[in-house]
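Peer 1: In the numbering used here, the protein residues as written are 1 to 272.
1. Residue 116 to residue 76, Cα distance in whole Å?
2. Whole angstroms are fine: how far does the CA of residue 244 sit from the CA of residue 237?
3. Starting from the C-beta of residue 284, find all residues in its chain whose C-beta is less than 6 Å away, skip the five residues before and the five after it, and write them out in chain order.
4. Tell me, which residues are paired with residue 131 by DSSP?
5. Does the beta-carbon of residue 267 have 16 or more other beta-carbons within 10 angstroms, so that it is buried, or is it exposed?
6. For residue 122, which of 220, 50 and 248 has the nearest alpha-carbon?
7. Quick check on residue 71: does DSSP put it in helix, strand or coil?
8. So, does the segment 42 to 60 touch the segment 68 to 88, judging by three or more C-beta pairs under 8 Å?
9. Considering only the beta carbon of each residue, do residue 120 and residue 40 sit closer than 7 Å?
10. When the cut-off is 7 Å and only beta carbons count, does residue 185 lie next to chain D?
11. Under three-state DSSP, which class holds residue 186?
12. Kindly list the residues whose CB is nearer than 7 Å to the CB of residue 200, restricted to its own chain and excluding five residues on each side of it in sequence; keep chain order.
13. Counting Cβ pairs, one atom from each stretch, are 3 or more of them under 8 Å apart for the segment 141 to 155 and the segment 200 to 219?
14. Enumerate in chain order the residues of its own chain whose CB-to-CB distance from residue 102 is below 8 Å, with the five nearest sequence positions on each side excluded.
15. Tell me which same chain residues have a C-beta within less than 8 Å of the C-beta of residue 3, skipping the five on either side of it?
16. Between which two residues does the alpha helix (DSSP H) harbouring residue 38 extend?
17. Would residue 65 and residue 104 qualify as a contact pair, given that the criterion is a beta-carbon distance under 7 Å?
18. Would DSSP call residue 263 helix, strand or coil?
19. Below 7 Å CB to CB, which residues in the same chain sit around residue 232 once its five sequence neighbours on both sides are set aside?
20. What does the Cβ neighbour count give for residue 195, buried or exposed, with the cut at 16 atoms within 10 Å?
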């Protein structure tokens with residue numbers, strides 16, 4: 001691997017690091033509250049249309065989906081791509097997912113607004129169907145309340161989604177490596193690890209909405225208080241001998257390619 005490529009890989013893998021080794025105690029983690037099945041949805045939009053979709057989504061597509069049993073976990077602007085909208089939707093299980101999606105996309109709210117929504121989109125098929133990597137690694141939303149429609153509240157947080165790609169299904173050894181080695185350094189360098197997932201291999205029970213099949217991924221989410229805090233977190237990791245000499249080398253050894261990093265700014269009504 002060339003020096004340039006090695007540095008690029010190091011920077012790409014930086015957002016995952018860990019607290020001090022041994023600090024993690026899974027018995028003290030908060031119980032999972034949401035959700036056993038999660039969709040990570042990345043939409044490519046026509047130039048200049050992202051805020052049009054976000055305004056429509058936050059006004060019309062949050063409560064209307066949740067009334068049917070879904071959970072709208074987060075909606076985001078991708079800071080590195082002005083034409084990408086990213087969101088997370090949760091379900092209790094695959095059968096309820098199929099019914100909820102049938103009810104929503106066959107219902108009056110979507111029918112009333114689908115033409116406006118679809119007109120903003122170039123592609124909406126970049127979807128990973130996920131489940132928590134461990135019984136306690138899903139999103140814990142607690143008692144977080146969503147702001148009301150029309151709120152002008154400013155959001156400063158930065159949510160970073162990191163997607164690791166593998167040649168084979170993610171095994172328990174890698175999950176343990178993440179929990180015991182990577183996660184502690186991430187936390188120790190100032191970020192908060194929110195959740196981590198692997199691919200859900202059940203049949204897509206709502207084929208009208210395609211998902212990416214045949215993927216072997218580990219996806220984790222972290223939060224910084226603002227972009228400046230994220231940059232400090234990255235700087236701390238790049239200066240960490242443990243991260244540089246142990247973690248990044250192990251990631252380079254076991255990953256299929258460089259990680260995909262999504263730097264996400266929550267919309268006003270996002271729960272995350």
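Ideal Cβ placement from N, Cα and C applies to all residues, glycine included. These figures come from a predicted structure and were not determined experimentally.
Peer 2: With the given structure in hand:
1. For this step, residue 116 is matched to residue 116 along the chain shown. For this step, residue 76 is matched to residue 76 along the chain shown. Answer to the nearest angstrom: the Cα atoms are 19 Å apart.
2. Taking the chain shown and counting its residues from 1, the one referred to as residue 237 is at position 237. Taking the chain shown and counting its residues from 1, the one referred to as residue 244 is at position 244. The alpha-carbon atoms of residue 237 and residue 244 are separated by roughly 8 Å.
3. No answer is possible for residue 284: the residues shown for the chain start at 1 and end at 272.
4. Your numbering for residue 131 matches position 131 in the chain shown. For residue 131, which the question treats as bridged, DSSP gives the partners 198.
5. Taking the chain shown and counting its residues from 1, one reaches residue 267 at position 267. Looking at its Cβ environment, which holds 16 or more other Cβ atoms inside 10 Å, residue 267 is buried.
6. Numbered from its first residue, the chain shown carries residue 122 at position 122. That would be 50, whose Cα lies nearest to the Cα of residue 122.
7. The residue you call residue 71 lines up with position 71 of the chain shown. Residue 71 falls in the strand class under three-state DSSP.
8. yes
9. Taking the chain shown and counting its residues from 1, one reaches residue 120 at position 120. Taking the chain shown and counting its residues from 1, one reaches residue 40 at position 40. No.
10. No chain D appears in the structure shown, which is made up of a single protein chain.
11. Taking the chain shown and counting its residues from 1, one reaches residue 186 at position 186. Of the three classes helix, strand and coil, the one that applies to residue 186 here is helix, per DSSP.
12. In the chain shown, residue 200 corresponds to position 200, counting from 1. Closer than 7 Å at the Cβ level, and outside the excluded window around residue 200, lie 37, 129, 130 and 131.
13. no
14. The residue labelled residue 102 in the question sits at position 102 within the chain shown. So the qualifying residues of the chain are 206.
15. Working through the chain shown from its first residue, we reach residue 3 at position 3. Reliability of the predicted coordinates at residue 3 is poor, the pLDDT of 36 falling under 50, and no value is obtained from them.
16. Taking the chain shown and counting its residues from 1, one reaches residue 38 at position 38. Per DSSP, residue 38 belongs to no alpha helix (DSSP H); it is in the beta strand (DSSP E), 37 to 45.
17. Mapped onto the chain shown, residue 65 falls at position 65. Mapped onto the chain shown, residue 104 falls at position 104. Cβ atoms of residue 65 and residue 104: closer than 7 Å.
18. Stepping through the chain shown from its first residue, residue 263 is reached at position 263. In the structure shown, residue 263 sits in a strand (DSSP, three-state: E or B).
19. The residue given as residue 232 occupies position 232 in the chain shown. Same-chain partners within the cutoff: 190.
20. Position 195 of the chain shown, counting from 1, holds the residue named residue 195. Flag for residue 195 reads buried.
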